[in-house]
Each structure stands twice: as C-alpha cells, then as structure tokens.
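Residue numbers (our numbering): 32 to 149.
In structure tokens, the structure reads:
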C-alpha cells in the first residue's frame, strides 16, 4: 500500500499559476507511474499528466505547454506546475499511482480543489 497526500490547491485568477504537490508514503522507485487526474462537477475523471519511473512524461492535449509534471525522488514527491490557468482548469485534482509495471491507477490521494476565476 502507498498513501498519497496532495497539497497546493486554491483559488487563482485566469492566467495565474499554481503548483500542486503529492507526497508518497514510500520510495517513488517502489511505485509505478505517478499521475495527476482531475474531475470537474458533472464530468468524468481525466488524466492530466503522468510521469513514469524512468522520467517519461505524458500530458493531456488540453494542458500541453502549460502544465509540467516532475518528481523529486529524494522527497518522494511529485509536482504539477500549472501555468496560464484557465477557468476550464477548475476541478478537484487527484494524485494517483500505479503498481510497478502496470498501467492502472489503483492508489489515490484525497484530492485538492483548484478554482480558476475569470
């Protein structure tokens, strides 16, 4: 089992930036892919960005060029730097993790609210 704790959400104006953090309860090298998902009211949860153990990153088309996912292995923490935020980025953001060598996110944090005002 791994526990994930997100932080860094809040209210920001359109065009602003926020950085989300996801602290894992154990060594990131013992975990598979880490990812940030989001869920807006009335919508399905969607993958925003993911980072594999080797550092390969994947982004949703809607955030490519604006968001950056990174990891600090020494701190067992994954970050999501969000720039040029838009009102449509408003959602609850969840940190997720897959078991090693798999592609299904099975571990989740509690979520952090991001609200972008116009």
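For glycine and all other residues, C-beta sits at the position ideal for the given N, C-alpha and C.
On a predicted model such as this, the values are computed, not experimentally measured, just so you know.
- 149 is the residue among 149, 100, 65 whose C-alpha sits nearest the C-alpha of residue 117.
- Residue state for residue 148 is assigned as strand, using DSSP reduced to three classes.
- Looking only at 130, 110, 121, 134, the smallest Cα-Cα distance to residue 54 is reached by 110.
- When the Cα atoms are used, residue 136 and residue 128 turn out to be separated by approximately 5 Å.
- Between residue 39 and residue 48, the gap from beta carbon to beta carbon reaches 8 Å or more.
- For residue 100, same chain residues with a beta-carbon under 6 Å away, outside a window of 5 residues either side, are 80, 82, 88, 111 in chain order.
- DSSP, reduced to helix, strand and coil, places residue 103 within a strand of the structure shown.
- Taking residue 142 as the centre and dropping the five residues before and after it, the same chain places the C-beta of 37, 123, 124, 125 closer than 7 Å to its C-beta, in chain order.
- Boundaries of the beta strand (DSSP E) harbouring residue 89: 88-90, taken from the DSSP string.
- CA-to-CA, the gap between residue 104 and residue 86 works out to about 11 Å.
- Pairing residue 102 with residue 59 gives a Cβ-Cβ distance under 8 Å.
- Of the other Cβ atoms in all chains shown, fewer than 16 fall within 10 Å of the Cβ of residue 41; this residue is therefore exposed.
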